[in-house]
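What follows is a set of notes on a single structure, which appears directly below.
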Amino acid sequence: MLFSEIIGQDEIKQRLIQTVKKGRIPHAQLFCGISGVGKLPLALAYAQYICCTDRQSDDSCGKCPSCVKFAKLIHPDLHFVFPIVKNEAKKLTVCNDFLPEFRQQVLENSYLTEDDWITSIAEGKQGQIYTNEGDEIIRKLSFKAYESEYKVMIIWQPEKMHESCANRVLKIIEEPSEKTVFILVSNQPEEIIATIQSRLQRINIPPIADSCLYERLSERGVVGDDADFFVRSAQGSWSALRGLLEAHETQQEYFRLFVIMMRLAWTVDVKEIRDLIETLASFGREGQKSFLEEAQRQLRENFILRLGHQQLNFLTKEQEAFAQNFSKVINEANIIPIMEEMQLAAAQIEQNSNAKIVFFDMILVLNRLLKTKK
């Protein structure tokens, strides 16, 4: 990973580069910040720069044998620890057992989120860095560096470490091997045990500058109002922005159906309600729940607009145009009951209730609630 491949964060890049140039590389650092701001890419680029044999003034050379191996994440002095889901039956119990998949995921998207990673290996499970990973860390770092001057251990999501594993890591950080660099990459540093936190040099990675996100969107042909909406909604996270782009078409369809549903809830045209319900029923359970989540988001945004806080709104121009009138019927008296009704519908769908009946009943209840005055 080259520094030049990372979106924004120029100040952080220079700070890291200077530690190498001045020969003052901290042996244990914590890169922290919200998801999607480039913590893992920065850790990878920093590790590559440390090990590069022909460092340039502001980046790795990208051509030396070390850089070539880093580009594939196969350098023998680069080690990873990350959350996994154990599978005893398949003898998948430590990070090394998942390393090929992890490398592939990171190479495809260096702004990988924990949710995306865990879903790719065990959907519906929670990842953890298990107790026995502590032994693996000790084993890996007991050897001398193979090719580089330094060994680099990147611990991604250290807040997921089991307490026993964390205690082993603490001991290693307290008594580090010579020329060993730890880089911990965390979304929730407050969840890391305090004794480890106190021994790390903390680097807070800020949200990505809006100008950098606009530039990336422009490269993809997204400009104008759409770009404004995406950048404002992403709040400095490239991962969030990617998710918004991928979900944009689906969200547009959900918004179209939300508008239809709200109008039908007001007019109660039974024939058109049936047509709408047929469409929603075709989405399947997860799609129906996602639609209800988007409907609740739209309601929240309309209520915020009704309160006069437009600067807090995350609506596209199309959504805002609809909200100018619709927000007038959303008030303090009905917003909570309407949200609760949609949450109830989502819970019933989760329990495999008949979706057509659930949506029909919900729309009838919404008719009464929408006409509730403040």
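Residue numbers (this note's numbering): 354 to 727.
Don't be surprised by glycine CBs; every beta carbon is placed ideally from N, CA and C.
- Going by beta carbons, threonine 466 and serine 388 fall inside the 8 Å limit.
- Runs of the alpha helix (DSSP H) spanning 4 or more residues and lying entirely within the stretch 584-631 occur at 591-620, in chain order.
- In the displayed model, methionine 692 falls within a helix according to three-state DSSP.
- Out of Ala676, Lys642, Glu441 and Leu395, the CA that lies nearest to the CA of leucine 658 is found in Ala676.
- In the DSSP annotation of this structure, arginine 377 is not part of any beta strand (DSSP E), being labelled neither H nor E.
- For isoleucine 403, no beta strand (DSSP E) segment is defined; the enclosing uninterrupted segment is the alpha helix (DSSP H) at 392-404.
- In the DSSP assignment, threonine 533 falls outside any alpha helix (DSSP H) and lies within the beta strand (DSSP E) extending over 533-539.
- Contact annotation: tryptophan 470 and glutamine 458 have beta-carbon atoms nearer than 8 Å.
- Counting along the chain, the unbroken beta strand (DSSP E) around lysine 504 starts and ends at 504-509.
- Assignment of valine 718 by DSSP, reduced to helix, strand and coil, places it in the helix class.
- Straight through space, the alpha carbons of leucine 494 and lysine 504 are spaced by roughly 8 Å.
- Beta-bridge analysis with DSSP links arginine 555 to Leu383.
- Rounded to the nearest angstrom, the gap between the Cα atoms of proline 529 and aspartate 363 is 30 Å.
- Excluding sequence positions up to five before and after tryptophan 591, its CB lies within less than 8 Å of the CB of Ile360, Gly389, Val390, Gly391, Tyr464, Ile561, Leu566 and Arg569, all in the same chain and listed in chain order.
- When secondary structure is reduced to three states using DSSP, phenylalanine 433 falls in the strand class.
- In the three-state scheme derived from DSSP, where H, G and I count as helix and E and B as strand, glutamine 704 is classed as coil.
- The Cβ-Cβ distance between valine 538 and alanine 396 falls below 8 Å.
- Residue Ile403 holds the alpha-carbon nearest to the alpha-carbon of lysine 374 among Arg595, Ile403, Lys444 and Phe356.
- Sorting Phe636, Lys444, Arg650 and Asp412 by C-alpha distance to the C-alpha of glutamine 696 places Arg650 at the top.
- Here the alpha carbon of lysine 497 sits roughly 29 Å from the alpha carbon of lysine 439.
- Residue environment for arginine 521: buried (at least 16 other C-beta atoms within 10 angstroms of its C-beta).
- Inclusion of tyrosine 483 and histidine 432 in the CB contact set at 8 Å is not warranted, their separation being larger than that value.
- Residue burial annotation: proline 453 is exposed, with fewer than 16 other C-beta atoms found within 10 angstroms of its C-beta.
- DSSP places leucine 452 in the helix class (H, G or I) of the three-state scheme.
- For isoleucine 360, the secondary structure class from DSSP, reduced to helix, strand or coil, is coil.
- When the beta-carbon positions are compared, phenylalanine 583 and leucine 598 come within less than 8 Å of each other.
- Remark: C-beta atoms of valine 682 and leucine 723 approach each other more closely than 8 Å.
- For the 8 Å CB-CB criterion, glutamate 647 and glutamine 604 form a contact.
- Annotation: glutamine 401 to cysteine 518 spans about 26 Å, alpha carbon to alpha carbon.
- Isoleucine 482 has Met514 as its beta-bridge partners, per DSSP.
- Straight-line spacing of the CA atoms in isoleucine 437 and cysteine 448 works out to 7 Å.
- Pairwise C-beta distances place the stretch 704-715 in contact with the stretch 628-644, as three or more of them are shorter than 8 Å.
- Around the C-beta of aspartate 411, fewer than 16 other C-beta atoms lie within 10 Å, and the residue is accordingly described as exposed.
- Residue range 563-572 is occupied by the alpha helix (DSSP H) that includes tyrosine 567.
- When only Cα atoms are considered, arginine 627 and arginine 721 end up about 19 Å apart.
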